[in-house]
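K.L.:
In the working numbering, the protein residues as written are 19 to 167.
Can you keep this structure in mind? I'll have questions shortly.
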Amino acid sequence: MRPIVRGVLWGTVLVLTGCVQQARQASSVEPAAPVLVLVDPQSCGERADCTTKVSRTLLFVFDYAAAGGHLLQRQGRLLFTPDEVAPSEWPAIAIRLAEPADSRFEFAAECQVAQCRYGADELLRVYRSYLADRPCSLLLDAAVRGCAP
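Here it is as structure tokens:
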């Protein structure tokens, strides 16, 4: 074999060997861990998202009343337990609806008797589950305890 042909042949073999080793190294690199993006169910960015979450809020309000809580009144963007209702084992709640875009839903609950059926944190968790389109039943204590927004 001529020296030039042999040189080209060896050069080609070395280049291919380098490519194979580089490919092996690239395939042995572990993929990056997926990035976990936490989404706040009480926030909405676009008008459609805010409108959907207003509907889910109304579903929560009616389910709350169906389970035994007071039906809320509305004054503008505020939904609230009226002052004139008798205190019960169901906390008084207030929800400020988000603006039509790039806004946030606010939630507050206050027990007005010695012992309420659910605490403010539990009701907030249930409300957030409704906003996230994964509602928990207010009729079952176990469902509320296991509720994850």
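Idealized CB from N, CA, C, for every residue including glycine.
Within the continuous alpha helix (DSSP H) that includes residue 125, where are the two ends?
P.N.:
For the purposes of this step, residue 125 is taken as the residue at position 107 of the sequence shown. From DSSP, residue 125 is part of no alpha helix (DSSP H) but of the beta strand (DSSP E) over 124-128.
K.L.:
Residue 158 by DSSP, collapsed to three states: which one?
P.N.:
For this step, residue 158 is matched to residue 140 along the sequence shown. Looking at residue 158 - three-state DSSP - the assignment turns out to be coil, as it is neither helix nor strand.
K.L.:
Give the DSSP-derived three-state secondary structure of residue 96 in the structure shown.
P.N.:
For the purposes of this step, residue 96 is taken as residue 78 along the sequence shown, with counting starting at 1. In the structure shown, residue 96 sits in a strand (DSSP, three-state: E or B).
K.L.:
Within 8 angstroms, do at least three Cβ pairs link the region 107-123 to the region 61-68?
P.N.:
Output reads yes: the region 107-123 touches the region 61-68.
K.L.:
Based on Cα-Cα distance, which residue from 90, 131, 130 lies nearest to residue 99?
P.N.:
Along the sequence shown, one-based indexing puts residue 99 at 81. Measuring from the Cα of residue 99, the nearest candidate turns out to be 90.
K.L.:
Determine whether the beta carbon atoms of residue 107 and residue 134 lie at a separation below 8 angstroms.
P.N.:
Within the sequence shown, residue 107 is the residue found at index 89, counting from 1. Within the sequence shown, residue 134 is the residue found at index 116, counting from 1. Yes, these two residues count as a Cβ contact at 8 angstroms.
K.L.:
Which residues in the same chain as residue 140 place their Cβ atom closer than 7 angstroms to its Cβ, once the five residues preceding and following it in sequence are excluded?
P.N.:
Counted from its first residue, the sequence shown places residue 140 at position 122. The residues are 162.
K.L.:
To which residues does DSSP link residue 110 through a beta bridge?
P.N.:
Position 92 of the sequence shown, counted from the start, is the residue given in the question as residue 110. DSSP, once it has assigned bridges, lists 128 as partnering residue 110.
K.L.:
Between which two residues does the alpha helix (DSSP H) carrying residue 89 extend?
P.N.:
Within the sequence shown, residue 89 is the residue found at index 71, counting from 1. Where residue 89 is concerned, there is no enclosing alpha helix (DSSP H), given that its DSSP letter is neither H nor E.
K.L.:
Using CA coordinates, which residue listed in 105, 158, 57, 66 is at the minimum distance from residue 132?
P.N.:
Walking along the sequence shown from the start, residue 132 turns up at place 114. Measuring from the Cα of residue 132, the nearest candidate turns out to be 105.
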